[in-house]
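Beneath this line is the structure, given in structure tokens, with notes to follow.
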Amino acid sequence: VPARWVVAVGAAQVAAWQAIGDDPVHAELTVLTTCRIWRFAEEGRHCSKTAAGEWALGRAPTPQVVRDALRQRHGDPAARIDPAQVAQLLAAVGARLAEVREGT
């Protein structure tokens, strides 16, 4: 599968999550899968959600949302994931995916 197709599907998924808005039940999945999509767009590498989250910690405009998603994933159900930070991450990654797709 060509990388550009993978990035296009990822961009469509990020846009769909943006349209849904706040979805606390799926916030961890949304954040960490967004990190996976982003890493693939940047490096052409598939990786686990955990590895993608760790990769994104130093790059995300809102690293706390990634930390919270990782905490929740690793067994802390009390870790709250801020919907405003999820929205910021989706917007930033969506913009970056658009740049990648345009070749910039």
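For the sequence shown, position 38 matches number 36 in our numbering, and the numbering has no gaps at all.
From the three backbone atoms N, C-alpha and C, an ideal C-beta is built for every residue, glycine too.
- Cβ-Cβ separation between Ile35 and Val(-1): approximately 14 Å, too far for a contact (criterion under 8 Å).
- If you check the CB distance, Val64 and Asp80 do not come in under 8 Å.
- Membership of Gly51 in the alpha helix (DSSP H) is indicated by the continuous run Lys47 to Ala54.
- Thr60 and Leu87 do touch by the CB rule: their CB atoms are close to 6 Å apart, below 8 Å.
- For Asp66, the uninterrupted alpha helix (DSSP H) segment begins and ends at Pro61 to Arg71.
- The alpha carbon of Arg71 has as its nearest neighbour, out of Arg2, Trp3 and Thr28, the alpha carbon of Thr28.
- Using a Cβ distance threshold of 8 Å, Ala39 and Val84 do not count as a contacting pair.
- With a 10 Å radius around the Cβ and a threshold of 16 neighbouring Cβ atoms, Arg37 comes out buried.
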